[in-house]
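K.L.:
I'd like to ask you about the structure that follows.
Residue numbers (the working numbering): 5 to 549.
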C-alpha cells in the first residue's frame with residue numbers, strides 16, 4: 005500500500021508526497037526520507053511505517069512533540085484517512101494514494117477539514133457557489149442567522165433556528181444537532197424532520213467520530229456505497245442515502261456536530277451544501293460557547309452570592325460581644341480561608357463559671373461550615389447546668405457522632421474557669437496546645453490531658469486537668485491555621501514563632517494579644533494564599549481584686 009501525504013510546510017506552498025517505501029522518516033535533516041524546511045522540526049522528527057493493518061506514525065524523540073488531530077503521539081498510532089499530523093509548524097494530511105487534494109474521497113464520500121473550508125477566500129467561495137441554484141437565498145440565510153445570533157437567544161432557540169434555516173435552504177428530510185456532554189459523549193440536543201416521518205432519529209456513530217474528533221466536514225452522496233454504513237442496517241433500511249455533516253468548531257475545540265440526511269430520490273447533497281453547513285456550524289459553535297460561558301458565569305455568580313450569605317450567617321453565629329465582668333477580659337477573631345470555614349470559638353458565662361472553646365472541623369467548605377454550626381449550637385445547649393467539663397464534652401461528642409455518615413470530626417480545646425478562685429478545668433480533644441502567659445512574663449504551653457476529637461467514637465470519655473490562674477495571667481487558644489500558615493517559600497509559621505511572638509508581646513492585654521498574633525501571621529505569609537482558617541481567642545484573668 006503506497007503512502008500519499010499532503011505536506012503543508014510553514015511559509016511555502018503545500019505539495020504532495022508519494023512513496024512506495026514501507027517506512028518514511030520526516031525531518032529537516034538531508035538524511036530524512038521526507039525533508040521539510042521547518043526550523044522548528046527535529047532532524048529526525050517522526051516516522052511513518054506500514055503494518056499489515058495500515059500505516060502508523062511514531063514520534064522519534066522530537067523536541068516539539070508530534071500530534072495527530074491535536075493529540076500528542078505518546079505511542080505509535082494507526083492513521084486513518086484524513087488524519088492531520090502536526091510536526092512543529094508543519095502539517096501532513098494522510099491520504100490514500102488514489103486521493104487528491106483538497107478533499108478526501110472514499111467511494112461516494114467526501115471528507116474535508118472544516119477549518120480549510122472556513123479558510124477559503126471570498127473569491128473562492130464566490131466561484132464555488134456561482135453555479136449553485138439559489139445563491140441569493142443562501143447568502144440571505146447566512147445574513148439572517150448572523151443577525152439572529154447577535155441578539156439575546158437561548159441555547160434551545162439557537163439550535164432550533166439553525167435547523168429551521170438549514171431546512172429552508174438545503175431541504176433535508178431529517179436533521180439533528182449533537183452536543184458533547186460533560187462526560188464527552190455526544191447526545192442529541194435538537195432535531196427536526198419533514199412531516200410524515202416518525203421514529204427515532206438515526207445517525208452513524210462512526211461518521212460522528214470522524215466529524216467531531218478530526219474536525220472534518222462530511223458529504224455522503226450514497227450511503228449504500230460507503231463501508232461505514234454497511235453494518236447500519238436500520239440506517240439504510242429507512243432509505244437514507246445522502247447526508248451532509250459539519251463539526252461545531254471554535255477556538256476551544258469541537259462542541260459537537262450538525263447532520264442532515266435525505267433519501268436519494270428526494271435530495272442529493274453537494275459540496276456547496278457542505279460548505280454552507282460548515283458556515284452555519286461555525287456561527288452556531290461560537291454562540292453555543294458564549295451561551296455556555298454565560299450560564300456558567302451566572303451559576304458562579306449565584307453560588308458566590310449564596311456563599312457570601314452563608315459566610316454572613318456563619319460569622320453572625322459567633323459572639324459579637326463578650327460578657328463584661330471585672331474578673332476577666334476576652335478577645336477573639338476568626339479569619340476563614342474561603343467564603344465559609346470550619347473553625348469556631350465561643351464563650352458562655354454561667355453564674356460564676358466562664359465556659360470557653362476553640363475548635364476546628366475536619367475538611368473545608370460548606371460541609372465543614374455546617375458541622376461547625378452544629379458543634380457551636382451543641383456547646384451552647386449542653387454547657388448550662390453541666391456537672392463538669394468532662395460531662396459537657398461527653399454529651400457533645402455523643403451528639404456529634406450520631407448519624408455522622410460523612411465521618412466529620414472536631415478538634416477542640418475547652419475550658420471552664422471559676423471566676424472566684426481562678427481554677428481552670430481544661431480538656432484537649434485532639435487540638436493544638438494553647439499557651440499560658442503568666443503575670444511574671446513567662447510563656448509556656450497549657451498542657452491538658454489529650455483525648456480523641458469530638459464526633460468519632462460516641463462513648464469516648466474526655467479527662468480533664470486543672471490549674472489555678474493568678475491575676476494578670478493570660479491564655480491564648482488558637483487553631484492550626486495559625487501555626488501552619490505558609491510563606492512564599494512554603495515554610496510554616498510554627499509553634500516556635502508563635503511562642504516568640506507572645507514573648508515579645510510583653511504585658512499586652514487580650515485584645516492587643518489577638519491583634520499582635522494575627523499581624524505576625526500575616527506579615528510572615530507576606531501575601532501568600534491562606535490555606536486554612538485562622539481562629540484566635542485570648543483571655544486575661546484579673547481576679548476579684
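We put the beta carbon where it would ideally sit given N, CA and C, even for glycine.
#1: Over what stretch of residues does the alpha helix (DSSP H) that includes residue 396 continue unbroken?
#2: Does residue 376 pass the burial test, meaning 16 or more other C-beta atoms within 10 Å, or should it be called exposed?
#3: Taking residue 252 as the reference, which of 443, 454, 290 and 246 has the closest Cα?
#4: Relative to the alpha-carbon of residue 60, which residue among 21, 72, 67 and 66 has its alpha-carbon at the smallest distance?
#5: Can you tell me which of the three DSSP states residue 375 falls into?
#6: Runs of 4 residues minimum, wholly inside the region 423-450: which ones carry the alpha helix (DSSP H) assignment?
#7: For the pair the region 378-385 and the region 337-352, tell me if three or more CB-CB distances fall below 8 Å.
#8: Does the Cβ-Cβ distance between residue 541 and residue 521 come in under 8 Å?
#9: Ignoring anything shorter than 3 residues, give me the beta strand (DSSP E) runs that lie fully in the region 158-195, in order along the chain.
#10: Is the CB-CB distance between residue 477 and residue 442 below 8 Å?
#11: Is any heavy atom in the ligand GDP found nearer than 7 Å to the beta carbon of residue 172?
#12: Specify, as a first and last residue, the run of the beta strand (DSSP E) that residue 357 falls within.
#13: Could you check where the alpha helix (DSSP H) with residue 87 kicks off and where it finishes?
#14: Roughly how many whole angstroms lie between the Cα atoms of residue 30 and residue 293?
#15: Sorted by chain position, which residues of the same chain lie with C-beta nearer than 6 Å to residue 74's C-beta, five sequence neighbours on each side aside?
#16: Please state whether the Cβ-Cβ distance between residue 261 and residue 193 is less than 8 Å.
#17: Among 34, 492 and 518, which has the Cα closest to the Cα of residue 483?
#18: Helix, strand or coil for residue 73, going by three-state DSSP, please let me know.
#19: Out of 42, 530 and 543, point me to the one whose CA is closest to residue 15's CA.
#20: Have a look at residue 287 and residue 86 and give me their C-alpha separation to the nearest angstrom.
#21: Identify every residue that forms a DSSP beta bridge with residue 265.
#22: Suppose you measure from the CA of residue 102 to the CA of residue 6; what does that come to, to the nearest Å?
#23: Using C-beta distances below 6 Å, list every residue in its chain close to residue 23, excluding the 5 sequence neighbours before and after it, in chain order.
#24: Residue range of the alpha helix (DSSP H) that residue 544 falls in?
#25: Straight-line CA distance for residue 99 to residue 282?
#26: Which of the three DSSP states, helix, strand or coil, is assigned to residue 23?
#27: Check for me: the beta strand (DSSP E) holding residue 347 runs from which residue to which?
#28: Count the C-beta pairs between the region 352-372 and the region 407-414 that are closer than 8 Å, then say yes if the count reaches three, no if not.
#29: Less than 8 Å between the C-beta atoms of residue 77 and residue 55, yes or no?
#30: Check for me: the beta strand (DSSP E) holding residue 339 runs from which residue to which?
#31: Quick one: is residue 52 buried, meaning 16 or more other Cβ sit within 10 Å of its Cβ, or exposed?
#32: Just to confirm the assignment, what range does the alpha helix (DSSP H) spanning residue 525 have?
#33: If you draw a straight line from the C-alpha of residue 189 to the C-alpha of residue 272, how long is it?
#34: Could you pull out every residue in the same chain whose Cβ sits closer than 7 Å to the Cβ of residue 396, ignoring the five residues on either side in sequence?
#35: Could you name the residues of the same chain whose beta carbon sits closer than 8 Å to that of residue 3, not counting the 5 residues immediately before and after it, in chain order?
#36: Excluding the 5 residues preceding and the 5 following residue 475 in the sequence, name in chain order all residues of the same chain whose CB lies nearer than 8 Å to its CB.
P.N.:
So, from the data block:
#1: As a first step, residue 396 is located in the chain shown; it is residue number 392 there, counting from the start. In the DSSP annotation of this structure, the continuous segment of the alpha helix (DSSP H) that includes residue 396 starts and ends at 393-405.
#2: Counting from 1 along the chain shown, the entry for residue 376 is found at position 372. Looking at its Cβ environment, which holds 16 or more other Cβ atoms inside 10 Å, residue 376 is buried.
#3: The residue given as residue 252 occupies position 248 in the chain shown. Nearest in C-alpha terms to residue 252, of all of 443, 454, 290 and 246, is 290.
#4: Position 56 of the chain shown, counting from 1, holds the residue named residue 60. The residue with the shortest Cα to Cα distance from residue 60 is 72.
#5: Along the chain shown, one-based indexing puts residue 375 at 371. Assignment of residue 375 by DSSP, reduced to helix, strand and coil, places it in the helix class.
#6: Qualifying alpha helix (DSSP H) stretches: none in this window.
#7: The region 378-385 and the region 337-352 touch, with no fewer than 3 CB-CB distances between them shorter than 8 Å.
#8: Residue numbering aside, residue 541 sits at position 537 when the chain shown is read from its first letter. Residue numbering aside, residue 521 sits at position 517 when the chain shown is read from its first letter. At a Cβ-Cβ threshold of 8 Å, residue 541 and residue 521 do not count as neighbours.
#9: 178-184, all fully within the region 158-195.
#10: Numbered from its first residue, the chain shown carries residue 477 at position 473. Numbered from its first residue, the chain shown carries residue 442 at position 438. A contact, by the Cβ cut-off of 8 Å.
#11: Looking for the ligand GDP in the displayed structure turns up nothing, as the structure carries no ligands at all.
#12: The residue given as residue 357 occupies position 353 in the chain shown. Start and end: 357-365.
#13: For this step, residue 87 is matched to residue 83 along the chain shown. Here residue 87 belongs to no alpha helix (DSSP H), and DSSP marks it neither H nor E.
#14: Within the chain shown, the letter at position 26 stands for residue 30. Within the chain shown, the letter at position 289 stands for residue 293. The alpha-carbon of residue 30 is positioned some 37 Å away from that of residue 293.
#15: For the purposes of this step, residue 74 is taken as residue 70 along the chain shown, with counting starting at 1. Same-chain partners within the cutoff: there are none.
#16: The residue given as residue 261 occupies position 257 in the chain shown. The residue given as residue 193 occupies position 189 in the chain shown. In this structure, residue 261 sits away from residue 193, with a CB-CB distance that is not shorter than 8 Å.
#17: Position 479 of the chain shown, counted from the start, is the residue given in the question as residue 483. By alpha-carbon distance to residue 483, the top candidate from 34, 492 and 518 is 518.
#18: Reading the chain shown from its first residue, position 69 is the one you call residue 73. Under the three-state reduction of DSSP output, residue 73 falls in the coil class, being neither helix nor strand.
#19: Start at 1 with the first residue of the chain shown, and residue 15 comes out as number 11. When each option's Cα is compared against that of residue 15, the closest is 42.
#20: The residue you call residue 287 lines up with position 283 of the chain shown. The residue you call residue 86 lines up with position 82 of the chain shown. Rounded to whole angstroms, residue 287 to residue 86 spans 24 Å at the Cα level.
#21: By 1-based counting over the chain shown, the position of residue 265 is 261. Checking the DSSP bridge columns, you'll see residue 265 partnered with 178 and 247.
#22: Numbered from 1 along the chain shown, position 98 holds the residue referred to as residue 102. Numbered from 1 along the chain shown, position 2 holds the residue referred to as residue 6. Its pLDDT being 46, under 50, residue 102 is placed unreliably by the model, and nothing is read from it.
#23: By one-based count along the chain shown, residue 23 stands at place 19. These residues qualify, in order along the chain: 7.
#24: Within the chain shown, residue 544 is the residue found at index 540, counting from 1. Boundaries for residue 544: no alpha helix (DSSP H) harbours it, while the beta strand (DSSP E) harbouring it runs 538-545, taken from the DSSP string.
#25: For the purposes of this step, residue 99 is identified with residue 95 of the chain shown, where counting begins at 1. For the purposes of this step, residue 282 is identified with residue 278 of the chain shown, where counting begins at 1. Computed Cα separation, rounded: 22 Å.
#26: Looking up residue 23 in the chain shown gives position 19. Residue state, collapsed to three classes: strand.
#27: On the chain shown, position 343 is the one that residue 347 refers to. From DSSP, the beta strand (DSSP E) with residue 347 extends over 347-354.
#28: Flag = yes, the region 352-372 and the region 407-414 touch.
#29: Numbered from its first residue, the chain shown carries residue 77 at position 73. Numbered from its first residue, the chain shown carries residue 55 at position 51. Contact flag unset, no.
#30: Taking the chain shown and counting its residues from 1, one reaches residue 339 at position 335. Boundaries of the beta strand (DSSP E) around residue 339: 332-339.
#31: Here residue 52 refers to the residue found at position 48 of the chain shown. Burial state of residue 52 is buried, judged by a 10 Å Cβ sphere holding 16 or more other Cβ atoms.
#32: Within the chain shown, numbered from 1, the residue matching residue 525 stands at position 521. Its alpha helix (DSSP H) spans residues 514-529.
#33: For the purposes of this step, residue 189 is taken as residue 185 along the chain shown, with counting starting at 1. For the purposes of this step, residue 272 is taken as residue 268 along the chain shown, with counting starting at 1. Near 29 Å, if we compare the C-alpha coordinates of residue 272 and residue 189.
#34: Along the chain shown, read from residue 1 onward, the residue named residue 396 stands at position 392. Cβ neighbours of residue 396 beyond the five flanking positions: 386, 387 and 390.
#35: In the structure displayed, the chain extends from 5 to 549; residue 3 sits before or after that span and is not available.
#36: Position 471 of the chain shown holds residue 475. Counting only Cβ-Cβ distances below 8 Å, and skipping sequence neighbours, we find 426, 443, 545, 546, 547 and 549.
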